[in-house]
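Beneath this line is the structure, given in structure tokens, with notes to follow.
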Amino acid sequence: MAQVRVRFAPSPTGPLHIGGARTALYNFMFARSVGGSFILRIDDTDKARSTEESLANILSGLRWLGIDWDEGPEKGGEFGPYFQSERMSRYQERVDRLLSENKAYRCFCSPERIQEGRERMREECGLAMYDRHCRSLPPEEVEKKLSEGVPYTVRFAIQGEGKVRIQDKIKGLVEVDLRQMDDWVMLRADGSPLYNLCSALDDADMKITHIIRGEEHFMNGVKQMLLLEALGETVPEFAHLPLILGKNGKKLSKRMAQTNLLDYRDQGYPANALVNFFTLLGWGFDAEREIFSVQEAIERFRLEDVGKSGSILDEDKLAWMCGMYIRKQSREEFLANVAPWLVKEGLATEEQITESKDWFANLLACDQERVRKYEEIPPKIAHYFKDSLEYDKKAWKNLNKSEEISALLEAWLESLGRLRLPPSWPNRPREADVQVLLPTDKDKPNTGGGEYATPLELEEAARAVAEAKGVGFGKLVHPIRAALTGTTMGPSLFDIVYLLGKEKVEKRVGAALKALAQKAD
Ligand code: GLU
8 MAQVRVRFAP SPTGPLHIGG ARTALYNFMF ARSVGGSFIL RIDDTDKARS TEESLANILS
68 GLRWLGIDWD EGPEKGGEFG PYFQSERMSR YQERVDRLLS ENKAYRCFCS PERIQEGRER
128 MREECGLAMY DRHCRSLPPE EVEKKLSEGV PYTVRFAIQG EGKVRIQDKI KGLVEVDLRQ
188 MDDWVMLRAD GSPLYNLCSA LDDADMKITH IIRGEEHFMN GVKQMLLLEA LGETVPEFAH
248 LPLILGKNGK KLSKRMAQTN LLDYRDQGYP ANALVNFFTL LGWGFDAERE IFSVQEAIER
308 FRLEDVGKSG SILDEDKLAW MCGMYIRKQS REEFLANVAP WLVKEGLATE EQITESKDWF
368 ANLLACDQER VRKYEEIPPK IAHYFKDSLE YDKKAWKNLN KSEEISALLE AWLESLGRLR
428 LPPSWPNRPR EADVQVLLPT DKDKPNTGGG EYATPLELEE AARAVAEAKG VGFGKLVHPI
488 RAALTGTTMG PSLFDIVYLL GKEKVEKRVG AALKALAQKA D
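Pasting the structure below:
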């Protein structure tokens with residue numbers, strides 16, 4: 008088999024859509040699975056709608072997912088240029104050849120005449136297509152119109168009336184009735200070429216061996232095949248990917264799910280989780296496994312194994328998968344990934360994060376299992392950076408549950424005075440946070456740094472207070488959590504106490520006592 012060459016050919020007329028990202032990924036995986044080349048070609052013939060911004064968005068999106076191209080923009084390659092707008096001069100000669108061989112013809116019809124013809128065709132045979140009026144114009148008439156300067160388009164002349172067969176690697180063998188195919192326009196009246204012409208000729212010139220793209224292009228594939236056959240060119244293999252559907256089983260739309268790839272990046276979805284998720288939109292690793300690396304997928308990927316029917320984009324599953332990938336990150340990786348969100352939300356500067364990286368890593372680790380994307384972290388930890396808190400309804404209820412709570416909080420505060428709680432950030436010494444403090448590390452000794460009290464010791468001391476006061480542990484723990492965080496949920500309370508540090512803990516308990524006293528007045 009010839010060296011496999013595949014291409015992803017986006018039009019830079021908008022941001023990279025997740026459907027496009029999946030197409031690019033499947034091309035990339037196929038190329039890598041057979042040692043072929045993955046080419047990025049920019050279909051920018053639509054001058055009015057193509058923008059630099061869209062191009063930059065597409066390139067960033069592919070790079071973010073780790074879909075690296077072998078030839079294309081910013082890389083070059085021996086089959087360039089890789090921008091269709093720079094390849095315009097290559098099409099005319101082939102159009103002229105088709106014209107001289109009567110495989111294409113000039114169409115001088117006005118839009119009104121075309122419309123009339125269509126309507127007549129619809130009435131006569133149920134197919135609203137061009138009635139091929141200009142296909143049988145006598146040569147003298149063509150010459151006359153040309154000399155009069157009547158504008159014309161160039162149409163491809165579909166030959167024959169039978170059925171044409173197209174072997175698609177995913178859809179299988181499909182038969183298409185030639186009578187249902189329009190004599191499609193190759194060149195507009197201003198001489199500009201249309202998609203099917205450019206695409207097919209570029210694919211041939213770039214020696215593309217397999218065309219892998221969305222199902223919506225299947226009929227274009229038939230047109231492109233007929234064109235290449237008419238020119239005596241090799242026709243690439245086709246593989247049309249099933250549609251991506253929304254949960255309602257209809258074609259995915261913006262209303263049903265977020266469709267711009269970079270929105271996922273900007274909200275902090277892990278790129279490797281998204282790659283895994285996209286891979287499953289049409290292909291399966293095996294009957295059981297859903298989580299796998301792109302490398303593992305490449306080792307098994309076969310175009311023939313791509314499913315024929317549409318794949319539903321299940322956002323709940325995506326969220327679950329992102330959570331799984333986030334859990335797998337080391338504390339250092341997770342901090343590096345989340346740091347931009349901390350900076351963006353104004354919680355800390357890059358320098359502060361670097362300076363106190365163990366404290367930040369511990370802080371984030373406590374919530375690592377609870378999030379599916381990085382942007383969920385700042386609201387969870389924002390309270391660590393606040394001077395004063397507001398209590399949510401439930402937290403206030405927990406604080407205010409019984410008369411004895413003030414006394415309990417006071418007793419707890421007093422017990423803390425006998426322990427060495429690390430100072431609050433930013434005055435926290437680095438050595439206070441060197442220890443691993445993962446909630447998943449429950450079995451390991453959860454020690455603090457050196458001379459400081461550990462979360463475990465803090466918990467033991469609190470148990471002793473509850474016991475001395477003759478109350479259940481919960482009676483003490485819930486008001487403490489409310490006083491320290493203003494909420495009722497979150498990671499292990501004594502990790503919070505430890506990470507919050509002495510000054511902040513004292514201040515918050517003091518504020519809670521004050522609020523309770525005021526309420527009692
Ligand atoms: N530029 C076309 C698109 O973005 C390319 C389709 C193809 O792969 O041929 O839909």
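Using the numbering used here, the letters of the sequence shown correspond one by one to residues 8 to 528.
Even glycine gets a Cβ: it sits at the ideal position worked out from N, Cα and C.
So, at 7 Å on beta carbons, what are the nonlocal neighbours of residue i in its own chain, with the 5 sequence-adjacent residues on each side left out?
{"i": "Met128", "result": "Leu134, Ala135, Met136, Asp138"}
{"i": "Gly169", "result": "Leu185"}
{"i": "Ile384", "result": "Val345, Trp348, Leu371, Asp374, Val378"}
{"i": "Asp312", "result": "Trp290"}
{"i": "Ile74", "result": "Ala31, Leu32, Phe35"}
{"i": "Val242", "result": "Met232, Leu235, Glu236"}
{"i": "Asp190", "result": "Tyr137, Arg139, Arg142, Arg162, Phe163, Ala164, Ile165"}
{"i": "Tyr98", "result": "Pro200, Leu204, Cys205, Leu208"}
{"i": "Val470", "result": "The sequence shown places Arg at residue 470, rather than the Val named in the question. Counting only Cβ-Cβ distances below 7 Å, and skipping sequence neighbours, we find Phe480."}
{"i": "Glu322", "result": "Ala264"}
{"i": "Leu483", "result": "Leu415, Trp419, Ala469, Val472, Ala473"}
Go ahead and label residue i buried or exposed: buried means 16 or more other beta carbons lie within 10 angstroms of its beta carbon, across all protein chains shown.
{"i": "Pro17", "result": "buried"}
{"i": "Asn369", "result": "buried"}
{"i": "Glu295", "result": "exposed"}
{"i": "Ala9", "result": "exposed"}
{"i": "Pro158", "result": "exposed"}
{"i": "Leu180", "result": "exposed"}
{"i": "Ser206", "result": "buried"}
{"i": "Glu78", "result": "buried"}
{"i": "Ala111", "result": "buried"}
{"i": "Ser363", "result": "buried"}
{"i": "Asp51", "result": "buried"}
{"i": "Gln122", "result": "exposed"}
{"i": "Lys351", "result": "exposed"}
{"i": "Lys261", "result": "exposed"}
Skipping 5 residues on each side, what residues in its chain have a beta carbon closer than 8 Å to that of residue i?
{"i": "Phe486", "result": "First, the residue type needs correcting, since residue 486 is Pro and not Phe in the sequence shown. So the list reads Asn405, Leu406, Lys408, Ile412, Leu415, Leu416, Ala519, once near-sequence residues are dropped."}
{"i": "Leu248", "result": "Arg29, Thr30, Tyr33, Ile177, Ile219, Arg220, Gly221, Glu222, Gly289, Val313"}
{"i": "Leu252", "result": "Lys258, Leu259, Gly317, Ser318, Ile319, Leu320"}
{"i": "Leu269", "result": "Pro22, Leu23, Asn64, Ser67, Gly68, Trp71"}
{"i": "Ser337", "result": "none"}
{"i": "Val11", "result": "Phe37, Ala38, Val41, Gly42, Gly43, Ser44, Thr216, His217"}
Please determine, among the options, the residue with the shortest C-alpha to C-alpha distance to residue i.
{"i": "Phe245", "options": "Lys178, Glu297, Gln265, Glu303", "result": "Lys178"}
{"i": "Leu153", "options": "Glu182, Ile384, Phe115", "result": "Phe115"}
{"i": "Phe15", "options": "Ala9, Gly42, Pro80", "result": "Pro80"}
{"i": "Ala511", "options": "Ala111, Leu396, Leu354", "result": "According to the sequence shown, residue 511 is Lys rather than Ala. Closest by alpha carbon: Leu396."}
{"i": "Gln166", "options": "Phe37, Val149, Thr30, Arg142", "result": "Arg142"}
{"i": "Pro22", "options": "Lys230, Thr58, Val161, Ala196", "result": "Thr58"}
{"i": "Leu506", "options": "Arg101, Ala389, Glu236, Arg262", "result": "Ala389"}
{"i": "Leu320", "options": "Lys351, Thr286, Glu130", "result": "Thr286"}
{"i": "Ile305", "options": "Thr20, Arg39, Gly26, Val13", "result": "Arg39"}
{"i": "Thr266", "options": "Arg56, Thr492, Gly68", "result": "Gly68"}
{"i": "Glu467", "options": "Arg425, Gln99, Gly457", "result": "Arg425"}
{"i": "Gly477", "options": "Leu105, Asp175, Ala418, Gly239", "result": "Ala418"}
{"i": "Ala301", "options": "Tyr202, Leu252, Lys514, Phe37", "result": "In the sequence as presented, Ala is not what sits at residue 301; that position holds Val. Nearest C-alpha to Val301: Phe37."}
{"i": "Glu240", "options": "Ile215, His224, Met263", "result": "Ile215"}
{"i": "Ser61", "options": "Asp51, Pro19, Asp323", "result": "Pro19"}
{"i": "Val171", "options": "Met226, Ile121, Leu106, Gly87", "result": "Met226"}
{"i": "Ala475", "options": "Gly156, Ser422, Ser316", "result": "Ser422"}
{"i": "Lys526", "options": "Leu250, Gly497, Glu410", "result": "Glu410"}
{"i": "Arg307", "options": "Ile298, Phe292, Glu297, Lys315", "result": "Phe292"}
{"i": "Met193", "options": "Val13, Lys315, Arg113", "result": "Arg113"}
{"i": "Leu47", "options": "Gly87, Ile25, Arg56", "result": "Gly87"}
{"i": "Phe45", "options": "His217, Thr160, Glu131", "result": "His217"}
{"i": "Arg104", "options": "Gly517, Leu238, Val41", "result": "Leu238"}
{"i": "Pro433", "options": "Val472, Thr492, Asp365", "result": "Asp365"}
{"i": "Lys393", "options": "Gly84, Leu491, Glu100, Gln274", "result": "Leu491"}
{"i": "Gly84", "options": "Met213, Val504, Gly256, Gln274", "result": "Met213"}
Report all residues from its chain with a CB closer than 6 Å to the CB of residue i; omit the five preceding and five following residues, and keep chain order.
{"i": "Val229", "result": "Ile173, Val183"}
{"i": "Tyr459", "result": "Arg427, Pro429, Ala439"}
{"i": "Trp71", "result": "Arg272, Ala278"}
{"i": "Thr494", "result": "Asp399, Ala402"}
{"i": "Tyr276", "result": "Cys329, Lys380"}
{"i": "Ala355", "result": "Leu349"}
{"i": "Lys387", "result": "Asp374"}
Using 7 Å as the limit for Cβ to Cβ distance, is residue i near chain B?
{"i": "Glu458", "result": "Absent from the structure: chain B. Only one protein chain is present."}
Quick check: does the Cβ of residue i come within less than 6 Å of any heavy atom belonging to the ligand GDP?
{"i": "Tyr159", "result": "In the structure shown, the ligand GDP is absent; the only ligands present are the ligand GLU."}
What residues does the ligand GLU have around it, judged by CB closer than 6 Å to any heavy atom, in chain order?
Ordered along the chain, the selected set is Ala16, Pro17, Ser18, Asp50, Ser206, Arg220, His224.
Taking the runs of the alpha helix (DSSP H) that are 4 residues or longer, which of them lie wholly in the stretch 237-312?
When DSSP assignments are scanned along the stretch 237-312, the uninterrupted stretches of alpha helix (DSSP H) that are 4 or more residues long and fall wholly within it turn out to be 268-273, 278-286, 301-307.
At 3 residues or longer, what runs of the beta strand (DSSP E) sit wholly inside the stretch 141-178?
Taking only runs of at least 3 residues, the beta strand (DSSP E) segments lying wholly in the stretch 141-178 are 160-163, 170-175.
To test your reading of the DSSP string, which unbroken alpha helix (DSSP H) runs of 4 or more residues are found completely within the stretch 14-73?
As far as the stretch 14-73 is concerned, its whole alpha helix (DSSP H) runs of at least 4 residues are 25-40, 59-72.
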